[in-house]
Amino acid sequence: MSIEAQEKRQGVALVTPALLWTLVFFAVPFGAMALMSLAHLEGREIVQGHDLGNYLRIFTDPSLRRGIFVSLEITATVTVISVLLAWPLAWIIATRVPVRWRRMVLLLAVLPFWTSYVVRSYSWALVLGEKGVVMNALVGLGLLAEPVQIMATRAATVTGFVHFFVMLLTLTIYSNLIQLSPNYARAAQDLGASQWQVIRLVILPLTLPGVMTGAFLTFVLCIGDYITPQILGGNNELTLPQLIMLQLGRRGDYPMASALSIVLMAIVTLAYAASARWLKMERV
Amino acid sequence: MTFKHSCALIALMAGLAPAAYAEDLNALIWCDHADPELLEPFETAHDVRVNVKEYEGTAAGLTLLEQSRPGDWDVMVIDAVDVGRAVERGLLAPLPEGTAPTSDYFPEVRLDDHVTIDGTTYAAVEKFGYNTVAYNKSAVDPADMTSLAALWSGKYDGRIAIYDYYLPVLGLVGLNAGVATADLDASAVESLRDPLMQLKAASKQVSDVVGSQTALATGEVDVLIGGGEWLTAVLNAENPDLDWTIPEEGGLLWAQSLAIVEGTEKPELAAEFIKYVTSPEGQARLATSSCYWGMPANKAAGDVLTEAQKDILRWDDQADYLTRAQLYPVPDADTDAGMQDLWTDMLQN
Numbered sequence: 002m003s004i005e006a007q008e009k010r011q012g013v014a015l016v017t018p019a020l021l022w023t024l025v026f027f028a029v030p031f032g033a034m035a036l037m038s039l040a041h042l043e044g045r046e047i048v049q050g051h052d053l054g055n056y057l058r059i060f061t062d063p064s065l066r067r068g069i070f071v072s073l074e075i076t077a078t079v080t081v082i083s084v085l086l087a088w089p090l091a092w093i094i095a096t097r098v099p100v101r102w103r104r105m106v107l108l109l110a111v112l113p114f115w116t117s118y119v120v121r122s123y124s125w126a127l128v129l130g131e132k133g134v135v136m137n138a139l140v141g142l143g144l145l146a147e148p149v150q151i152m153a154t155r156a157a158t159v160t161g162f163v164h165f166f167v168m169l170l171t172l173t174i175y176s177n178l179i180q181l182s183p184n185y186a187r188a189a190q191d192l193g194a195s196q197w198q199v200i201r202l203v204i205l206p207l208t209l210p211g212v213m214t215g216a217f218l219t220f221v222l223c224i225g226d227y228i229t230p231q232i233l234g235g236n237n238e239l240t241l242p243q244l245i246m247l248q249l250g251r252r253g254d255y256p257m258a259s260a261l262s263i264v265l266m267a268i269v270t271l272a273y274a275a276s277a278r279w280l281k282m283e284r285v
Numbered sequence: 213m214t215f216k217h218s219c220a221l222i223a224l225m226a227g228l229a230p231a232a233y234a235e236d237l238n239a240l241i242w243c244d245h246a247d248p249e250l251l252e253p254f255e256t257a258h259d260v261r262v263n264v265k266e267y268e269g270t271a272a273g274l275t276l277l278e279q280s281r282p283g284d285w286d287v288m289v290i291d292a293v294d295v296g297r298a299v300e301r302g303l304l305a306p307l308p309e310g311t312a313p314t315s316d317y318f319p320e321v322r323l324d325d326h327v328t329i330d331g332t333t334y335a336a337v338e339k340f341g342y343n344t345v346a347y348n349k350s351a352v353d354p355a356d357m358t359s360l361a362a363l364w365s366g367k368y369d370g371r372i373a374i375y376d377y378y379l380p381v382l383g384l385v386g387l388n389a390g391v392a393t394a395d396l397d398a399s400a401v402e403s404l405r406d407p408l409m410q411l412k413a414a415s416k417q418v419s420d421v422v423g424s425q426t427a428l429a430t431g432e433v434d435v436l437i438g439g440g441e442w443l444t445a446v447l448n449a450e451n452p453d454l455d456w457t458i459p460e461e462g463g464l465l466w467a468q469s470l471a472i473v474e475g476t477e478k479p480e481l482a483a484e485f486i487k488y489v490t491s492p493e494g495q496a497r498l499a500t501s502s503c504y505w506g507m508p509a510n511k512a513a514g515d516v517l518t519e520a521q522k523d524i525l526r527w528d529d530q531a532d533y534l535t536r537a538q539l540y541p542v543p544d545a546d547t548d549a550g551m552q553d554l555w556t557d558m559l560q561n
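Going down the list, the protein sequences come from chains D and S. Letter by letter, the first sequence follows residues 2 to 285 in our numbering. Letter by letter, the second sequence follows residues 213 to 561 in our numbering.
Written out as structure tokens, the structure is:
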């Protein structure tokens with residue numbers, strides 16, 4: 002057997018477990034879900050079929066359609082705010098914090114990951130309530146005459162999300178920043194660039210892969226999250242995952258839940274396609 | 213690691229490991245049945261581990277059963293008014309004769325019409341209570357709470373939470389509009405759209421059990437429509453100002469029951485579990501479960517409950533309450549879909 006054929010066989014052998022794993026735990030369930038999305042509920046019975054009625058309903062029923070927009074609006078807001086907060090934080094950690102303190106600072110940055118999603122969300126519910134820490138402080142300092150409602154609004158959902166995703170983005174951007182050679186900045190400064198110009202014209206573009214990777218992960222995790230909007234949003238508007246849970250938990254409408262899940266996956270796929278150009282996972 | 217350390221570690225792990233039981237009983241339940249205080253006496257007496265899985269809403273429970281293999285589940289907690297739906301789909305087994313004698317039951321909650329089908333009893337009612345109005349009496353005028361109309365009056369705008377379960381709340385909105393729960397058909401449901409949307413506009417949030425309790429306990433809201441003793445009783449020690457009432461328009465009676473799942477391989481053990489839960493001791497433990505409190509269906513539990521517990525449950529007022537409460541709506545499939553569509557619209561707008 003030639004060396005080439007031997008290498009080919011080794012390659013196939015190495016890839017096969019991952020391929021099988023993907024086939025069994027992704028492709029097959031996905032196929033089953035796609036098939037289920039073409040069925041429909043008749044009374045309380047699931048009737049197998051091959052029509053697109055569920056998809057048609059998603060785009061014509063105002064409440065279901067609005068779920069898509071609510072999800073997109075919240076996710077876009079969270080992603081943009083998180084990037085705006087995370088980039089300066091990552092830059093400060095990478096360039097201004099002494100090397101011996103960086104590990105500690107990064108540890109502090111990932112602390113929110115250590116608590117459960119549910120606990121974190123309920124903690125925010127207590128903090129953002131009308132009698133919570135934030136309102137007590139604002140009213141106590143005389144900045145507000147009386148408490149305003151944050152809890153059970155979209156602002157509370159966004160706050161809960163941003164708290165988590167700033168940390169995620171900080172890590173992806175930081176790992177990108179520390180891989181950059183300091184010579185880029187030095188060369189730009191030698192050519193007369195100001196500090197701001199170095200950041201804007203050199204560092205920022207070079208960290209785009211880290212930013213885009215973090216932003217994409219934020220988008221995917223945020224748009225698929227059920228717990229945060231459920232606890233902090235006060236059920237005053239429904240995101241796609243909440244609508245999916247309603248179909249599963251209340252109606253037993255697995256076909257509609259499947260169709261909504263496929264729509265959710267399609268949105269994530271589109272987001273990936275839109276950002277694929279900048280996504281360089283190996284750089285972060 | 214020395215031998216002594218190894219022994220100590222093994223002993224510690226043995227202490228932390230769950231106790232080994234001879235067999236298992238799988239129960240599809242509501243959260244009140246997950247309380248170890250309730251399960252432990254049965255587990256010890258029968259050398260069995262009760263494995264519980266919580267579910268919410270009959271539709272979800274029935275779907276779970278239908279997607280399981282026969283024998284996966286042994287017992288199930290189900291809304292008494294939905295027993296017929298489950299029997300129709302062949303999901304429940306008849307209760308053996310004498311499993312849960314109802315001679316000591318509150319007569320109004322025996323609900324024979326719902327748990328006995330064609331002369332065969334399929335479930336035993338075990339606990340009941342009311343979906344009505346819960347409130348913080350230090351923040352609202354209790355006199356206002358004697359009428360549901362107060363919630364639409366504008367006086368409590370922004371201080372109301374809606375319990376996130378469509379059946380009881382639509383029932384209450386119907387009562388306020390003069391529609392009895394038994395008359396909630398598809399056209400009556402649509403007539404509730406405007407009052408429901410007005411209620412949503414006056415409300416701060418729509419929340420599940422924990423969210424509602426948190427909102428009331430932290431003062432985020434002062435009134436909860438759909439709430440009742442099941443929500444405020446567990447908070448009583450923390451905040452005695454949290455109260456509930458049945459307004460003049462009436463309230464909704466919820467009654468949960470326990471049934472044996474068709475296909476169980478342990479019918480005798482399942483029946484023993486139902487016997488235990490409906491016994492005076494089991495009833496008292498279930499009534500004061502850590503997840504939520506509720507009245508025991510079996511009056512004999514009154515001998516086991518303390519006076520303080522009975523006060524919180526309003527034991528002595530039950531005769532009056534039961535005459536003023538109506539059963540949950542029992543919608544057919546189309547009406548149920550209409551109710552859920554309306555509920556989704558309310559949440560989304």
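All residues carry an ideal CB built from backbone N, CA and C; glycine is no exception. This one's a predicted model, so the numbers in the text were calculated from it and none came from an experiment.
Apart from the five residues just before and just after Thr78 of chain D, which ones in its own chain have a Cβ nearer than 6 Å to its Cβ?
-> Counting from one through the first sequence, the residue named residue 78 of chain D turns up at place 77. Answer for Thr78 of chain D: Val159, listed in chain order.
Please work out which residues of its chain come closer than 8 Å, Cβ to Cβ, to Gly383 of chain S, disregarding the five sequence neighbours upstream and downstream, and give them in chain order.
-> The residue you call residue 383 of chain S lines up with position 171 of the second sequence. So the qualifying residues of the chain are Asn343, Thr393, Leu396, Leu464, Gln538, Tyr540, Pro541.
Would DSSP call His41 of chain D helix, strand or coil?
-> Within the first sequence, residue 41 of chain D is the residue found at index 40, counting from 1. If DSSP states are grouped into helix, strand and coil, His41 of chain D belongs with the strands.
Go ahead and label Gly193 of chain D buried or exposed: buried means 16 or more other beta carbons lie within 10 angstroms of its beta carbon, across all protein chains shown.
-> As a working note, residue 193 of chain D is residue 192 in the first sequence. Classified as exposed, Gly193 of chain D has fewer than 16 neighbouring CB atoms from the shown chains inside 10 Å of its CB.
Taking the C-alpha atoms as reference points, what is the distance between Asp191 of chain D and Tyr175 of chain D?
-> For the purposes of this step, residue 191 of chain D is taken as residue 190 along the first sequence, with counting starting at 1. For the purposes of this step, residue 175 of chain D is taken as residue 174 along the first sequence, with counting starting at 1. Rounded to whole angstroms, the separation of the alpha carbons of Tyr175 of chain D and Asp191 of chain D is 25 Å.
Would a check of beta-carbon distances place Val289 of chain S closer than 8 Å to chain D?
-> Along the second sequence, read from residue 1 onward, the residue named residue 289 of chain S stands at position 77. Between Val289 of chain S and chain D, the shortest Cβ-Cβ separation is not below 8 Å.
Beta-carbon gap between Lys487 of chain S and Thr311 of chain S smaller than 8 Å = Locating residue 487 of chain S in the second sequence gives position 275, counting from the first residue. Locating residue 311 of chain S in the second sequence gives position 99, counting from the first residue. Against a cut-off of 8 Å, the Cβ pair of Thr311 of chain S and Lys487 of chain S comes out as a contact.
At what residues does the alpha helix (DSSP H) containing Asn184 of chain D begin and finish?
-> Start at 1 with the first residue of the first sequence, and residue 184 of chain D comes out as number 183. Start and end: 183 to 191.
When you check each C-beta in the region 413 to 427 of chain S against every C-beta of chain D, which residues fall closer than 7 Å?
-> Going along the region 413 to 427 of chain S in chain order, one finds Lys416, Gln417, Val418, Ser419, Gly423, Thr426 with a Cβ nearer than 7 Å to chain D.
Nearest CA to the CA of Ile263 of chain D: which residue from D:Ala110, D:Pro30, D:Val140?
-> As a first step, residue 263 of chain D must be located in the first sequence, where it is residue number 262. It is D:Pro30 whose Cα lies nearest to the Cα of Ile263 of chain D.
Could you work out which residue in S:Phe485, S:Ser419, S:Pro543, S:Glu278 is closest to Asn263 of chain S when comparing CA atoms only?
-> Residue mapping note: residue 263 of chain S aligns to position 51 of the second sequence, counting from 1. Just measuring C-alpha positions, the residue of S:Phe485, S:Ser419, S:Pro543, S:Glu278 sitting nearest Asn263 of chain S is S:Phe485.
From the DSSP output, read off the bridge partner residues of Gly341 of chain S.
-> Residue mapping note: residue 341 of chain S aligns to position 129 of the second sequence, counting from 1. Beta-bridge pairing links Gly341 of chain S to S:Trp466.
With Tyr175 of chain D as the anchor, note down where its alpha helix (DSSP H) starts and where it stops.
-> Numbered from 1 along the first sequence, position 174 holds the residue referred to as residue 175 of chain D. Here the alpha helix (DSSP H) through Tyr175 of chain D covers 155 to 178.
When burial is assigned at 16 or more other CB atoms within 10 Å of the CB, is Val100 of chain D buried or exposed?
-> Position 99 of the first sequence, counting from 1, holds the residue named residue 100 of chain D. Around the beta carbon of Val100 of chain D, fewer than 16 other beta carbons lie within 10 angstroms, which makes this residue exposed.
Where the beta strand (DSSP E) containing Ala373 of chain S begins and where it ends = Here the question's residue 373 of chain S lines up with position 161 in the second sequence. Annotation: the continuous beta strand (DSSP E) that includes Ala373 of chain S extends over 372 to 375.
At a Cβ threshold of 8 Å, is Gln49 of chain D touching chain S?
-> Here the question's residue 49 of chain D lines up with position 48 in the first sequence. No - not a single Cβ of chain S is within 8 Å of the one on Gln49 of chain D.
How about the region 249 to 258 of chain D and the region 41 to 51 of chain D: do they share at least three Cβ pairs that are nearer than 8 Å?
-> Per the Cβ contact rule, the region 249 to 258 of chain D is in contact with the region 41 to 51 of chain D (3 or more Cβ pairs under 8 Å).
Leaving out five residues on either side along the sequence, give the residues of the same chain with a beta carbon under 7 Å from the beta carbon of Ala292 of chain S.
-> Along the second sequence, read from residue 1 onward, the residue named residue 292 of chain S stands at position 80. Result list for Ala292 of chain S: Leu323, His326, Val327, Ala335, Val337, Ala467, Gln468, Ser469, in chain order.
So, does the CB of Ala272 of chain S fall closer than 8 Å to a CB anywhere in chain D?
-> Taking the second sequence and counting its residues from 1, one reaches residue 272 of chain S at position 60. At a cut-off of 8 Å between beta-carbon atoms, Ala272 of chain S makes contact with chain D.
Count the other CB atoms within 10 Å of the CB of Phe166 of chain D; is the residue buried (16 or more) or exposed (fewer)?
-> Here residue 166 of chain D is taken as the residue at index 165 of the first sequence, counted from 1. In the assembly as shown, Phe166 of chain D is a buried residue. Its beta-carbon has 16 or more other beta-carbons within 10 Å.
Contact set for Lys412 of chain S: own chain, Cβ-Cβ below 6 Å, skip 5 residues either direction | Counted from its first residue, the second sequence places residue 412 of chain S at position 200. Closer than 6 Å at the Cβ level, and outside the excluded window around Lys412 of chain S, lie Met558.
Along the alpha helix (DSSP H) that carries Trp456 of chain S, what are the first and last residues, could you check?
-> Position 244 of the second sequence, counted from the first residue, corresponds to residue 456 of chain S. Per DSSP, Trp456 of chain S belongs to no alpha helix (DSSP H); it is in the beta strand (DSSP E), 454 to 457.
In chain D, which residues lie less than 9 Å from Gly431 of chain S when you measure between Cβ atoms?
-> Numbered from its first residue, the second sequence carries residue 431 of chain S at position 219. Within 9 Å Cβ-Cβ: Gly130, Glu131, Lys132.
Would you please verify whether the beta carbon of Ala156 of chain D is less than 8 Å from any beta carbon of chain S?
-> Residue mapping note: residue 156 of chain D aligns to position 155 of the first sequence, counting from 1. No, Ala156 of chain D lies away from the interface with chain S (no Cβ there is under 8 Å from its Cβ).
Using the DSSP secondary-structure output, state which residues sit across from Met288 of chain S in a beta bridge.
-> Residue numbering aside, residue 288 of chain S sits at position 76 when the second sequence is read from its first letter. For Met288 of chain S, which the question treats as bridged, DSSP gives the partners S:Leu240, S:Ala471.
Any beta-carbon of chain D closer than 8 Å to the one on Leu559 of chain S?
-> Along the second sequence, one-based indexing puts residue 559 of chain S at 347. Yes, contact with chain D.
Any C-beta of chain S under 8 Å from that of Ser64 of chain D | Looking up residue 64 of chain D in the first sequence gives position 63. Yes, contact with chain S.
What does Gln7 of chain D touch in chain S if you count any residue whose Cβ is under 8 Å from its own?
-> Translated into the one-based positions of the first sequence, residue 7 of chain D becomes position 6. Under the 8 Å cutoff, chain S gives no residues; its nearest Cβ is about 46 Å from Gln7 of chain D.
Environment of Pro242 of chain D [buried if 16+ CB atoms lie within 10 Å] = Indexing the first sequence from 1 puts residue 242 of chain D at position 241. Pro242 of chain D comes out buried.
Give the residues of chain D in contact with Gln552 of chain S, contact being defined as C-beta atoms less than 7 Å apart.
-> Within the second sequence, the letter at position 340 stands for residue 552 of chain S. Here the neighbours are Arg251, Arg252.
Looking at the C-beta of Ala471 of chain S, does it have a partner C-beta in chain D at a distance below 8 Å?
-> Taking the second sequence and counting its residues from 1, the one referred to as residue 471 of chain S is at position 259. Interface flag for Ala471 of chain S against chain D is unset, since no Cβ pair is found closer than 8 Å.
Look at Val287 of chain S and Ala471 of chain S and say whether their C-beta atoms are less than 8 Å apart.
-> The sequence position of residue 287 of chain S within the second sequence is 75, counting from 1. The sequence position of residue 471 of chain S within the second sequence is 259, counting from 1. Taking 8 Å as the Cβ cut-off, Val287 of chain S and Ala471 of chain S qualify as a contacting pair.
Expected contact under 8 Å - CB spacing of Gly550 of chain S and Glu441 of chain S to nearest Å = The residue labelled residue 550 of chain S in the question sits at position 338 within the second sequence. The residue labelled residue 441 of chain S in the question sits at position 229 within the second sequence. Actually they are not in contact, since the Cβ atoms of Gly550 of chain S and Glu441 of chain S sit about 30 Å apart, beyond 8 Å.
Determine the direct distance from the alpha carbon of Leu239 of chain D to that of Ser491 of chain S, and round the result to whole angstroms.
-> Position 279 of the second sequence, counted from the first residue, corresponds to residue 491 of chain S. Position 238 of the first sequence, counted from the first residue, corresponds to residue 239 of chain D. Going by the C-alpha atoms only, they are around 43 Å apart.
What does Glu268 of chain S reach in chain D if we use C-beta pairs closer than 7 Å?
-> To locate residue 268 of chain S, count along the second sequence from 1; it is residue 56. Ordered by position in chain D, the residues that pass the 7 Å Cβ test against Glu268 of chain S are Gly250.
Under 7 Å Cβ-Cβ, which residues of chain S neighbour Ile232 of chain D?
-> If you number the first sequence from 1, residue 232 of chain D lands on position 231. Gly423, listed in chain order.
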